[in-house]
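**Q** First residue of the sequence shown: 1, per UniProt numbering; consecutive thereafter. Using N, Cα and C, we set each Cβ at its ideal position, and we do this for glycine too. Can you keep this structure in mind? I'll have questions shortly.
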Amino acid sequence: MRTWPVNDRLKETTINPLFVKGPSVGLRLLVCILLALLLIWSDFRYQHMDQVRSFLTVAVTPLQWAVDLPTRLWSWGATTFADRNDLLEENAILKEQTLQLSSKNQRMAYLIAENLRLRELLNGQKPSNDNFLLGEVIGLDADAFTHLLLLNRGRNDGVYEGQAVVDSLGLMGQVISVSAFTSRVLLIADTAHAVPVLVNRNGFRAVAIGSGDLDLLQLTHVPDTADVKEGDLLVTSGLGGRFPKGYPVAEVNQVKHEPGKPFARVTAKPLAQLNRSRYVLMLNPKSLADIQLESLPIDSGTAPELADEKQDNLKSGVQQ
1 MRTWPVNDRL
11 KETTINPLFV
21 KGPSVGLRLL
31 VCILLALLLI
41 WSDFRYQHMD
51 QVRSFLTVAV
61 TPLQWAVDLP
71 TRLWSWGATT
81 FADRNDLLEE
91 NAILKEQTLQ
101 LSSKNQRMAY
111 LIAENLRLRE
121 LLNGQKPSND
131 NFLLGEVIGL
141 DADAFTHLLL
151 LNRGRNDGVY
161 EGQAVVDSLG
171 LMGQVISVSA
181 FTSRVLLIAD
191 TAHAVPVLVN
201 RNGFRAVAIG
211 SGDLDLLQLT
221 HVPDTADVKE
231 GDLLVTSGLG
241 GRFPKGYPVA
251 EVNQVKHEPG
261 KPFARVTAKP
271 LAQLNRSRYV
281 LMLNPKSLAD
291 IQLESLPIDS
301 GTAPELADEK
311 QDNLKSGVQQ
């Protein structure tokens with residue numbers, strides 16, 4: 001076997017240097033400065049760099065767009081969220097206005113239907129205008145079997161027992177107890193509540209009683225042949241004098257005729273937001289003088305003239 005001497009193999013091996021020595025840094029800088037000055041002079045003198053500048057502008061456009069992308073994304077996100085908040089606020093305002101207009105439209109629907117019925121009468125009675133007292137719901141009754149609200153208005157504000165309470169959509173209930181600064185309202189959905197109503201379409205009268213369900217009222221003793229249809233609007237009839245007539249109460253959602261029975265099963269859904277309304281209107285509040293006169297105890301042995309004189313003196317004192 002032939003072997004090569006070590007010295008011969010080292011001679012044949014070529015070692016490449018790791019770093020090749022080139023021009024110095026100062027020389028490179030000088031060349032760059034001269035080249036830059038030459039380009040500036042050439043561009044100023046002959047405008048030869050216009051095409052190069054235009055080409056470079058087009059070439060770096062994607063890079064500029066990429067650098068500006070985060071700013072655009074941030075601006076787009078901020079604008080989107082700001083627009084969303086503005087839309088939510090505007091939607092809330094429009095929703096409130098829609099509820100108010102809906103309530104007014106319901107009232108107008110009743111007045112139009114009533115006007116058509118009164119055209120046939122020579123001495124039709126014009127509906128009276130109602131006064132309102134704004135109240136706020138500040139509590140709910142803890143009893144699960146009753147539907148009561150606690151309002152921030154009381155006797156000192158002109159609230160009285162039996163006073164009707166509505167929201168922007170319809171009748172909510174009536175006041176059942178009053179203190180100096182608060183009052184309790186029994187909702188129309190309570191099983192102990194009943195309200196005389198009529199079908200706005202044709203004037204058919206009935207009584208709507210609570211079922212215990214906030215979304216359900218029942219019409220009692222409706223003849224099987226009565227002209228009541230799903231979608232009919234029920235408004236207060238004014239009978240009994242407790243609820244002013246013409247206020248929306250509910251919308252008929254089911255009319256069930258059972259063979260062999262004289263009465264149909266009619267249910268309706270309340271229009272008022274019984275479990276969501278925060279502000280309500282209390283109809284026709286009384287003055288403080290009227291409330292004090294009604295609560296004035298009169299001795300049975302006192303002559304009527306003296307009792308009247310007591311009431312007149314009290315009323316004049318309150319007015320002062």
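1) Residues in its own chain within less than 7 Å of ASP213 by CB, not counting five upstream and five downstream?
2) Since VAL31 is in the alpha helix (DSSP H), which residue starts that stretch and which ends it?
3) Taking LEU234 as the reference, give the member of GLY246, ALA226 and PRO223 with the closest Cα.
4) Does the beta-carbon of GLY260 have 16 or more other beta-carbons within 10 angstroms, so that it is buried, or is it exposed?
5) What residue range is occupied by the uninterrupted beta strand (DSSP E) comprising PHE263?
6) With DSSP run on the structure shown, which of helix, strand or coil describes SER75?
7) If we ignore side chains and look at the alpha-carbon of each, how far apart do HIS221 and ASN253 end up?
8) Could you pull out every unbroken beta strand (DSSP E) segment of at least 3 residues lying fully inside the segment 135-195, listed in chain order?
9) Would you mind working out which of LEU37, ASN200 and ARG28 sits nearest MET108, comparing C-alpha positions?
10) Buried or exposed for VAL249, going by 16 or more other Cβ atoms inside 10 Å?
11) Could you spell out the range, first to last residue, of the beta strand (DSSP E) harbouring TYR279?
12) Under DSSP, the beta strand (DSSP E) around LYS286 begins and ends at which residues?
13) Name the two residues that bound the continuous beta strand (DSSP E) containing LEU233.
14) Kindly give me the distance between the Cβ atoms of LEU186 and LEU148, rounded to whole angstroms, as I take these residues to be in contact under 8 Å.
15) Where VAL266 and THR80 are concerned, what is the direct C-alpha to C-alpha distance, given to the nearest angstrom?
16) Within the chosen definition, does the segment 266-277 reach the segment 155-164 through at least 3 CB pairs nearer than 8 Å?
17) Short check: CB of GLU161 to CB of ILE138, under 8 Å?
18) Going by DSSP, name the residue or residues bridged to PRO248.
19) Run the CB neighbour count on GLY241, radius 10 Å, all protein chains shown included, and call it buried at 16 or more, exposed below.
20) Once DSSP output is grouped into helix, strand and coil, what is the label at ARG205?
**A** Based on what the coordinates show:
1) ALA189
2) 25-46
3) GLY246
4) The residue in question, GLY260, is exposed, as its Cβ has fewer than 16 Cβ neighbours within 10 Å.
5) 263-270
6) Looking at SER75 - three-state DSSP - the assignment turns out to be helix.
7) 17 Å
8) The segment 135-195 is shown to contain whole beta strand (DSSP E) runs of 3 or more residues at 148-151, 164-166, 171-178 and 183-187, in chain order.
9) ASN200
10) buried
11) 279-283
12) Element bounds for LYS286: n/a, residue is neither H nor E.
13) Its beta strand (DSSP E) spans residues 233-236.
14) 6 Å
15) 49 Å
16) no
17) Cβ atoms of GLU161 and ILE138: not closer than 8 Å.
18) VAL235
19) exposed
20) Three-state result, ARG205: strand.
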